[in-house]
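*Asks:*
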Amino acid sequence: AQKVTQAQTEISVVEKEDVTLDCVYETRDTTYYLFWYKQPPSGELVFLIRRNSFDEQNEISGRYSWNFQKSTSSFNFTITASQVVDSAVYFCALSENFGNEKLTFGTGTRLTIIP
Amino acid sequence: DTAVSQTPKYLVTQMGNDKSIKCEQNLGHDTMYWYKQDSKKFLKIMFSYNNKELIINETVPNRFSPKSPDKAHLNLHINSLELGDSAVYFCASSRLAGNYNEQFFGPGTRLTVL
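Heads up: the sequence lines are chains Y and D, in that order.
Quick note: the first sequence uses my numbering, first residue 5, plus one each step.
Quick note: the second sequence uses my numbering, first residue 14, plus one each step.
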């Protein structure tokens, strides 16, 4: 069975600091997909990134970057120079390939950026 | 234009009532989902439909019945509402099942059962 663990329940940092959100996953499949979603205080779920299991390249998008390491089953998310608008709950999620497209979510990390 | 829409946004009702939540997507996607987010923010899949056919049913009580009149709509009907049904329900959609793409979520429906 697949499982996603986000051990950090809540994190608070001062604005402009860098922050890393941890995500560890478990799956028996060799092909799978990993995701990050953001849920701001308004409540909607915003897609941030998708990564497939064959692509271990790190990705950078503006102030956001993702570090995927299959050896440690981790898919960590770093926000550089954090801003107050980054305050949200962030979810890591996993989906196994073909025929089972459900997303298994971690429990989320509540990130608060202190001005 | 809203990609995935849900109505109503808020729903307050008494225990024992029957209620429905509607979901529509205008993205041309083939697959739609319902997720439940509880008070601790935990998100869990309930159902998935592909081209109007049920493909995932995650041991949800049979008081919950999804209905897909066409591939752009997936409604959720709940019978005999219980206090534990209070949650935020999210609808989502994605392109072809088996050729994975990201799921786009609706704004959520906050259900409160009194």
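For every residue, glycine included, the Cβ atom is placed at its ideal position computed from N, Cα and C.
Bear in mind that the values here come from a model prediction, so they are computed numbers and not experimental data.
In chain Y, which residues lie with their C-beta within 9 Å of the C-beta of residue 77 of chain D?
*Replies:* Counting from one through the second sequence, the residue named residue 77 of chain D turns up at place 64. By Cβ distance, chain Y contributes nothing, its closest Cβ being about 16 Å from residue 77 of chain D, past 9 Å.
*Asks:* Does any C-beta atom of chain Y lie closer than 9 Å to the C-beta of residue 46 of chain D?
*Replies:* As a first step, residue 46 of chain D must be located in the second sequence, where it is residue number 33. Chain Y contact via Cβ: present.
*Asks:* Got a sec: which bits of the region 14-31 of chain D sit with their beta carbon under 8 Å from any beta carbon on chain Y, in order along the chain?
*Replies:* Residues passing the 8 Å Cβ filter: none.
*Asks:* Report the residue ranges of all beta strand (DSSP E) runs contained in full by the region 12-85 of chain Y; include only those spanning at least 3 residues, in chain order.
*Replies:* Segments of the beta strand (DSSP E) lying fully in the region 12-85 of chain Y: 14-18, 23-25, 28-30, 36-43, 50-56, 63-65, 68-73 and 78-83.
*Asks:* Specify, as a first and last residue, the run of the beta strand (DSSP E) that residue 30 of chain D falls within.
*Replies:* Working through the second sequence from its first residue, we reach residue 30 of chain D at position 17. Neither: residue 30 of chain D is in no beta strand (DSSP E) and is coded neither H nor E.
*Asks:* Would you mind sorting residue 25 of chain Y into buried or exposed? The rule is 16 or more other CB atoms within 10 Å of its CB.
*Replies:* Start at 1 with the first residue of the first sequence, and residue 25 of chain Y comes out as number 21. Its Cβ being crowded by 16 or more others within 10 Å, residue 25 of chain Y is buried.
*Asks:* Using a Cβ cut-off of 8 Å, pull out every chain Y residue sitting near residue 41 of chain D, in sequence order please.
*Replies:* As a working note, residue 41 of chain D is residue 28 in the second sequence. Ordered by position in chain Y, no residue passes the 8 Å Cβ test against residue 41 of chain D, which lies about 17 Å from the chain.
*Asks:* Locate the beta strand (DSSP E) running through residue 74 of chain D, then write down its first and last residues.
*Replies:* One-based indexing of the second sequence puts residue 74 of chain D at position 61. No beta strand (DSSP E) holds residue 74 of chain D; DSSP gives it neither H nor E.
*Asks:* How would you call residue 64 of chain Y, buried or exposed, if buried means at least 16 neighbouring beta carbons within 10 angstroms?
*Replies:* Counting from 1 along the first sequence, the entry for residue 64 of chain Y is found at position 60. Residue 64 of chain Y should be labelled exposed.
*Asks:* Taking the alpha carbon of residue 88 of chain Y as the point to measure from, which residue in Y:81, Y:23 and Y:105 has its own alpha carbon closest?
*Replies:* Residue mapping note: residue 88 of chain Y aligns to position 84 of the first sequence, counting from 1. Measuring from the Cα of residue 88 of chain Y, the nearest candidate turns out to be Y:23.
*Asks:* Got a sec? Which residues, its chain only, sit under 7 Å from residue 42 of chain D by beta carbon, not counting five neighbours each side?
*Replies:* Here residue 42 of chain D is taken as the residue at index 29 of the second sequence, counted from 1. These residues qualify, in order along the chain: 106, 107 and 108.
*Asks:* Just tell me which of D:20, D:76 and D:103 has its CA closest to the CA of residue 92 of chain D.
*Replies:* As a first step, residue 92 of chain D must be located in the second sequence, where it is residue number 79. If we check each option's Cα against that of residue 92 of chain D, D:76 comes out closest.
*Asks:* From the DSSP output, in three-state form, read off residue 98 of chain D for me.
*Replies:* Here residue 98 of chain D corresponds to residue number 85 of the second sequence, with the count starting at 1. Looking at residue 98 of chain D - three-state DSSP - the assignment turns out to be helix.
*Asks:* Between residue 81 of chain Y and residue 27 of chain Y, how many whole angstroms is the CB-CB distance? I'm expecting something under 8 Å.
*Replies:* Taking the first sequence and counting its residues from 1, one reaches residue 81 of chain Y at position 77. Taking the first sequence and counting its residues from 1, one reaches residue 27 of chain Y at position 23. So it is a contact: roughly 7 Å between Cβ atoms.
*Asks:* Tell me the rounded alpha-carbon separation between residue 82 of chain D and residue 16 of chain D.
*Replies:* Within the second sequence, numbered from 1, the residue matching residue 82 of chain D stands at position 69. Within the second sequence, numbered from 1, the residue matching residue 16 of chain D stands at position 3. The straight-line gap from Cα to Cα measures roughly 18 Å.
*Asks:* DSSP on residue 43 of chain D, reduced to helix/strand/coil?
*Replies:* Within the second sequence, numbered from 1, the residue matching residue 43 of chain D stands at position 30. Coil.
*Asks:* For residue 116 of chain D, go through chain Y and note every residue whose CB falls closer than 7 Å to its CB, in chain order.
*Replies:* Taking the first residue of the second sequence as position 1, residue 116 of chain D is located at position 103. Per Cβ cutoff of 7 Å: 107.
*Asks:* From residue 93 of chain Y to residue 29 of chain D, what does the alpha carbon distance come to, in whole angstroms?
*Replies:* Residue mapping note: residue 93 of chain Y aligns to position 89 of the first sequence, counting from 1. Residue mapping note: residue 29 of chain D aligns to position 16 of the second sequence, counting from 1. In a straight line, the C-alpha of residue 93 of chain Y is about 32 Å away from that of residue 29 of chain D.
*Asks:* Residues of chain Y with a CB under 8 Å from the CB of residue 97 of chain D: which are they?
*Replies:* The residue you call residue 97 of chain D lines up with position 84 of the second sequence. Here the premise fails: no neighbours, minimum Cβ distance about 19 Å.
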